[in-house]
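Written below as structure tokens is the structure these notes are about.
4 protein chains.
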Amino acid sequence: MIAVLKHGTTPAQLQHLVDWLKRMNLDVHISEGTEVTVLGLIGDTSKVDMDLLASLEIVQSVKRISDPFKQANRMFHPMDTVIEIGEAKVKLGGGHFAMIAGPCSVENEDQIIEVATRVKAAGAKILRGGAFKPRTSPYAFQGLGTEGLELLRAARKATGLPICTELMNIHHLDQFHDIDIIQIGARNVQNFDLLKEVGKTDKPILLKRGIAGTLQELLMSAEYIMSEGNENVILCERGIRTYETYTRNTLDISAVPVLHKLTHLPVVVDPSHGTGKAYLVPPMAAAAAAAGADGIMIEVHNNPSKALCDGAQSLTPDQFADLNRRVNIIREAMQ
Amino acid sequence: MIAVLKHGTTPAQLQHLVDWLKRMNLDVHISEGTEVTVLGLIGDTSKVDMDLLASLEIVQSVKRISDPFKQANRMFHPMDTVIEIGEAKVKLGGGHFAMIAGPCSVENEDQIIEVATRVKAAGAKILRGGAFKPRTSPYAFQGLGTEGLELLRAARKATGLPICTELMNIHHLDQFHDIDIIQIGARNVQNFDLLKEVGKTDKPILLKRGIAGTLQELLMSAEYIMSEGNENVILCERGIRTYETYTRNTLDISAVPVLHKLTHLPVVVDPSHGTGKAYLVPPMAAAAAAAGADGIMIEVHNNPSKALCDGAQSLTPDQFADLNRRVNIIREAMQ
Amino acid sequence: MIAVLKHGTTPAQLQHLVDWLKRMNLDVHISEGTEVTVLGLIGDTSKVDMDLLASLEIVQSVKRISDPFKQANRMFHPMDTVIEIGEAKVKLGGGHFAMIAGPCSVENEDQIIEVATRVKAAGAKILRGGAFKPRTSPYAFQGLGTEGLELLRAARKATGLPICTELMNIHHLDQFHDIDIIQIGARNVQNFDLLKEVGKTDKPILLKRGIAGTLQELLMSAEYIMSEGNENVILCERGIRTYETYTRNTLDISAVPVLHKLTHLPVVVDPSHGTGKAYLVPPMAAAAAAAGADGIMIEVHNNPSKALCDGAQSLTPDQFADLNRRVNIIREAMQ
Amino acid sequence: MIAVLKHGTTPAQLQHLVDWLKRMNLDVHISEGTEVTVLGLIGDTSKVDMDLLASLEIVQSVKRISDPFKQANRMFHPMDTVIEIGEAKVKLGGGHFAMIAGPCSVENEDQIIEVATRVKAAGAKILRGGAFKPRTSPYAFQGLGTEGLELLRAARKATGLPICTELMNIHHLDQFHDIDIIQIGARNVQNFDLLKEVGKTDKPILLKRGIAGTLQELLMSAEYIMSEGNENVILCERGIRTYETYTRNTLDISAVPVLHKLTHLPVVVDPSHGTGKAYLVPPMAAAAAAAGADGIMIEVHNNPSKALCDGAQSLTPDQFADLNRRVNIIREAMQ
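So, in structure tokens, the structure goes:
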């Protein structure tokens, strides 16, 4: 951490500040220039309150040098993390790519088994489906809940695909003991107590970026999970909130190469929520593959216009199969 | 709800759509123009999936006419809600104004009692203080927790001020049984299961706007609480995330008059988190008062440069007293 | 255009409003429901002030049905526009793809001719290079100006590549008479008088999206050019301003398929300015190709670390050649 | 400027970098820590390309210490600038406050003289009115142009109020020779050639913040004007673009105290464009006054529902008079 002091700082003020910093067990390197004096703080600066330091009378500005995330940091873990999922041991990360497909909401046994069968035939490696649904309105359909988990298990049994579904509530964690990937949604990405709880399991966690979350915040949320012992974190870009209204969110494709530089964790892209419109899903999924995503998460419904939730952004199984074919060619081109 | 159909829709397509809508128990008014046909949907449209409707082949666009929030809607409840807080029966809303002041974090008994005593003397009506702290980093100070609640109770006993503190975790709800205002923070404003739980209590709930939350989302979150039976919701503007970096957040003062038009619930402003810098707190608190806020929430610390958390944005008790005096004059000018 | 009237509007008020609208030569269709009355306004609504209408006592809300751009609108011009550039008649749009490459700033004859020669060899079809540079600071290098245009002409002569460079000032238009593509930068996209002037020429205009411009604003700016008679407009996505700070801008790849749906004009992507970092250019250029861009604009410098401007985001000629090869494979995969 | 080097930088690399920096006439202070080496660059760093420096192999990050604006910087000019306007010598800044009021567009002589007379009676010190109007659509009313300037002169003659109106085009500058305040609109705030031209005059310039402009960009644009010799710059906050859609823009009231800290130039707030709705203008104008604005710019129309432009956000003269009274009380409270 570096602190730049204002012109005119007296030796006594400087000494006072240095003493205070040393009491936090930091080494302080002083570099005095003609206009400014710069302090380099060496040691564990993760507990220094940058804002407080910056607010002191004599301090002009403060800059953090090292990233505040540690276990997620590629600097300390240069090799890509490869995550193994479910009994099928599907791999994600480090060159292993997986399509994750399925309906927004699990609706009934016929629907989920038909969709699972068809996306598997088209090349999907993992089945997704919502049982507990976070809805902005208390009056909207909130998902089948526990019954939805049962139906996902039935679809896994029928197809062998590992299953991925969202956990919203600490109280439900027991019910998720055999879910293959626990998804933490965008609205819960800073529900820190929930993060700590899933950090105590050994399950793969698919962690979505916040609705207007920075990449650093996403990594700090991954750090919450990892600091409890669970290193199986998959990061998911799902679009960010901007002023543009033609799309539901602005899918930030650049998050993929940026995250690959910052962290060793695998990165998945969700173009269905990221755009909110089915016609945008194939080009944006292709873009994600071109940018190096380790996985893509696609909403597929056997009958989009009858979907109970988010049908507007679902592909049909045939559209998904066509997309999957193109994605494979793009991935080869980028190797 | 209004649906605009594309030019070239056939009578058969139109009939098919109308039948589908009627099966959802909606009345459909058809207005055929030369270029477009407009459908007016009458009835309970809160469960219609706007995005799905908009995605149909023949539909050009869809518009919701009525706001999706009901219990929070001023249209159905024109009188301002007045909320009574604690044994002291402090009133907020409908012309009743309250200053809410105290430290970011409760640190120890001396600190919280001294701050409580001094802010009370300066005109504060409610004491705030963090016991459970949501921190972006798992390595940062997370608050005194249960012990912090005890210290707040001691400060209430010493001063008579009702106490306001943040709840982050469903499991902690029992510990909050005698807290006078339960705060739901910006990061949990769409933690819908937490909202439902506090909706089952009869406590005043101070609900902060999301980090990049829309006003409609804030009202829908209030609706989650109210739909479970708790109508004592206080809305809190705390700054939104924008591209500007000189301030931590952009405090959206216009949220006050906009919310007053949309809802009968009281509106409080938090300029301390909203700006992140102490020198900005007095002018922005004055601005909030001028815009008609029902309350203002200010971080005050007896020794800001020694605060364990967010000292950079805390006022001293003397600065708070000076601010309070000015706010009172402004409130009179605006009546 | 549709206006929704408030519950409780009297017949006299309704008649008064309808008369006012008819005086603007609009046909008015009235659809009275139990809760709301809806007016459909037919005719040329482009001059109706939506905000004024929405502000009237009895009006609840107003919605524009048809897009406000006309000549740029795909609805009235379903076929893709193909633009021919320069004496070389390079085509862009409607399936014709072009790489546009060159340095941020033209620096001297050796530099521009070397870069031009090398990007041509690597597959570029058009040479870009800045002569007049918009710089945030008056103290920064502002480009070689007129001399830079001369050097671009020399590079065109040496390689046969058409040249593309930015016009900032109406006074300079004469100097651009033989420039093959006139670029209008992000900061001038709503400099309406400049748009009108280039609209009076027959030059291809490369129009960049505003720093925080909506897609509709971009199309309205294209409309300014087209309404003066020049239909040769190329739209350019160059990243938008968001709260995220890891990248200079957030490159909105979804702009490509959205614009292709809304307009017949070709769409180019600039990943160099869009990200600000060289390591992000190849993956984001690949993503743009996957999403269907008609062209990609890449900064290439023979010695990035000595570039006078924006060297940090420039590729070397070798990196550009490698990228171009991959882009071609991706484009085939998406056909 | 400070550059932080990566762990593992060799002495040869360090020397190479230091030599390069010294060739730019910078003094380099080297501070070697155990984990990082920090370089302090002393001298005129305004021409160093931060992005280029940051992109070098061995550089971890770069930080600018001093603000890049000089003439606008309060550090070098601690006293508030006071600007004298027109023959009436109306003062703005340094404790001198002025209400600027008038219609969005000048429409005809009766209108502008009536509005001018009434806003003067209500306390306005300066008349505003649009003659040349920047409109998003080429099909919208573009203002009366030259005739509008004539009508403003007539209103000045009738009332003695100085006049303020927008310049959009370098070619029109001659026509503005006797306009008392030349306004540069949000869309032209980075039209650098226009800024340089008005910088060559001695007129007061009212410079609006960009639609999504940072405060630093606003100050750099002021710097463009000042670097040409014109120090009479008035900064104007007019709302920024965010994701929130209830208001046209998010009026950033905190810009007032932040700008007062950064610069000596006066700061005006425009709540009419900042919110887009008349009912929000009085509370937001009051908020601006409370936050310390040196002036407030209000749209007033004698018949808002007949205004040719932006009537939805105009106050009536009576509403303006009431607002003015309250603003005066608030200003006293804050002194």
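Protein chains in written order, with the working numbering: chain A, 1 to 335; chain B, 1 to 335; chain C, 1 to 335; chain D, 1 to 335.
Think of the CB as a built atom: it goes at the ideal place given N, C-alpha and C, for glycine as much as any other residue.
A quick note: this is a predicted structure, and the numbers were derived from the prediction, not measured.
query: Report the residue from 179(B), 235(B), 157(B) whose alpha carbon sits nearest the alpha carbon of residue 114(B).; result: 157(B)
query: On a CA-only basis, which of 30(C), 321(C), 139(C) is nearest residue 221(D)? Give me that one, please.; result: 139(C)
query: Which chain B residues are close to residue 326(D), counting only those with a beta carbon under 7 Å from its beta carbon?; result: 333, 334
query: Can you find a C-beta in chain D that's less than 8 Å from the C-beta of residue 66(C)?; result: no
query: With distances taken from CA atoms, which of 242(C), 61(C), 123(C), 87(C) is nearest residue 211(C)?; result: 242(C)
query: Does DSSP classify residue 248(D) as helix, strand or coil?; result: coil
query: In the stretch 246-257 of chain C, which residues sit with their C-beta less than 8 Å from some C-beta in chain A, listed in chain order?; result: 246, 247, 250, 251, 252, 253, 254, 256, 257
query: Determine, using beta carbons only, whether residue 154(A) and residue 238(A) come nearer to each other than 8 Å.; result: no
query: Where residue 251(D) and residue 274(D) are concerned, what is the direct C-alpha to C-alpha distance, given to the nearest angstrom?; result: 5 Å
query: Going along the chain, which residues of the stretch 270-287 of chain D sit with their C-beta nearer than 9 Å to a C-beta in chain B?; result: 271, 274, 275, 277, 279, 280, 282, 283, 284, 285, 286, 287
query: Report yes if the C-beta distance between residue 198(C) and residue 151(C) is below 8 Å; otherwise report no.; result: no
query: Go to residue 19(B), then tell me how far its alpha helix (DSSP H) extends in each direction, as first and last residue.; result: 11-22
query: Considering only the alpha carbon of each residue, which of 194(D), 247(D), 209(D) lies closest to residue 225(D)?; result: 194(D)
query: Does the beta carbon of residue 292(D) sit closer than 8 Å to a beta carbon anywhere in chain B?; result: yes
query: Under 9 Å between beta-carbons, which chain A residues line up against residue 337(D)? List them in chain order, please.; result: The structure shown does not extend to residue 337(D), since chain D spans only 1 to 335, so no value can be given for it.
query: Take the Cβ of residue 302(A) as the centre, count every other Cβ of all protein chains shown within 10 Å, and call the residue buried at 16 or more, exposed below.; result: buried
query: Return the residue from the list 196(D), 231(D), 57(D), 160(D) that minimises the CA-CA distance to residue 117(D).; result: 160(D)
query: If you run the structure through DSSP and keep just helix, strand and coil, what is residue 327(D)?; result: helix
query: Quick check on this structure: which residue in 332(B), 328(B), 304(B) has the alpha carbon closest to the alpha carbon of residue 54(A)?; result: 304(B)
query: Buried or exposed: which applies to residue 44(C), given that a residue is buried once 16 or more other Cβ atoms fall within 10 Å of its Cβ?; result: exposed
query: Look at the alpha carbon of residue 109(A) and the alpha carbon of residue 209(B), and state the distance between them as a whole number of angstroms.; result: 39 Å
query: Would you kindly report the start and end of the unbroken alpha helix (DSSP H) that includes residue 235(B)?; result: Residue 235(B) -> not in any alpha helix (DSSP H); beta strand (DSSP E) instead, spanning 233-237.
query: Taking 8 Å as the cut-off, decide whether the C-beta atoms of residue 58(A) and residue 6(A) are in contact.; result: yes
query: Hey, would you say residue 279(A) sits closer than 8 Å to residue 215(C), going by beta carbons?; result: no
query: Just how far apart, CA to CA, sit residue 50(D) and residue 56(D)?; result: 10 Å
query: Between which two residues does the alpha helix (DSSP H) harbouring residue 120(B) extend?; result: 109-121
query: Within its chain, find whatever has a CB closer than 7 Å to the CB of residue 290(D); leave out the 5 residues flanking it on each side and keep chain order.; result: 330, 334
query: Answer with buried or exposed for residue 248(A), where buried requires no fewer than 16 other C-beta atoms within 10 angstroms of its C-beta.; result: buried
query: From this set, 244(B), 30(B), 28(B), 83(B), which residue's C-alpha is nearest residue 294(B)'s C-alpha?; result: 83(B)
query: Give the residues of chain C in contact with residue 215(A), contact being defined as C-beta atoms less than 8 Å apart.; result: 244, 246
query: Could you tell me if residue 71(B) is buried or exposed, where buried requires 16 or more neighbouring beta carbons within 10 angstroms of its beta carbon?; result: buried
query: According to a CB-to-CB cut-off of less than 7 Å, which residues of the stretch 170-196 of chain D neighbour chain C?; result: 170, 171, 187, 188, 190, 191, 192, 193
query: Taking the continuous alpha helix (DSSP H) assigned at residue 260(D), which residues delimit it?; result: 255-262
query: Which runs of the alpha helix (DSSP H), 4 residues or longer, sit entirely within the stretch 178-212 of chain C?; result: 192-199
query: Can you give the Cα-Cα distance for residue 175(B) and residue 73(A), rounded to whole angstroms?; result: 37 Å
query: Chain B partners of residue 70(D), CB-CB under 8 Å?; result: By Cβ distance, chain B contributes nothing, its closest Cβ being about 18 Å from residue 70(D), past 8 Å.
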